[in-house]
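Residue numbers (the numbering used here): 2 to 85. Note that the Cβ used here is the ideal one computed from N, Cα and C, for glycine as well. A quick note: this is a predicted structure, and the numbers were derived from the prediction, not measured.
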């Protein structure tokens with residue numbers, strides 16, 4: 002509902018939210034819209050999105066749950082990078 006309201010107010014069609022990223026104090030992160038995980042370690046997680054790749058660098062990174070395009074991870078996030 003919220004996404005539809007934003008699309009209407011901005012007068013745009015299509016998916017304007019191909020992915021979402023929510024962080025709680027840089028220790029817990031939820032990402033929606035993931036196509037697949039490319040690589041993972043305790044300091045780096047790289048994932049494929051519709052628009053390209055997203056990498057997260059940090060410390061003690063750990064995927065707690067993944068499925069249906071959603072990922073819940075924990076650990077200290079220091080850097081988020083996007084590439085086409």
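Say whether the region 61 to 78 touches the region 34 to 44, bearing in mind that this needs 3 or more beta-carbon pairs closer than 8 Å, one atom from each stretch.
-> Contact between the region 61 to 78 and the region 34 to 44 is present, because at least three Cβ pairs lie under 8 Å.
Can you tell which of 74, 66, 57 has the C-alpha that lies nearest to the C-alpha of residue 84?
-> In terms of Cα proximity to residue 84, the closest of 74, 66, 57 is 57.
Of the residues 28, 35, 14, which one's Cα is nearest the Cα of residue 70?
-> Answer by Cα proximity: 35.
Is it buried or exposed for residue 89, if we count other Cβ within 10 angstroms and need 16 for buried?
-> Limits of the chain in this structure are 2 at one end and 85 at the other, which puts residue 89 out of reach.
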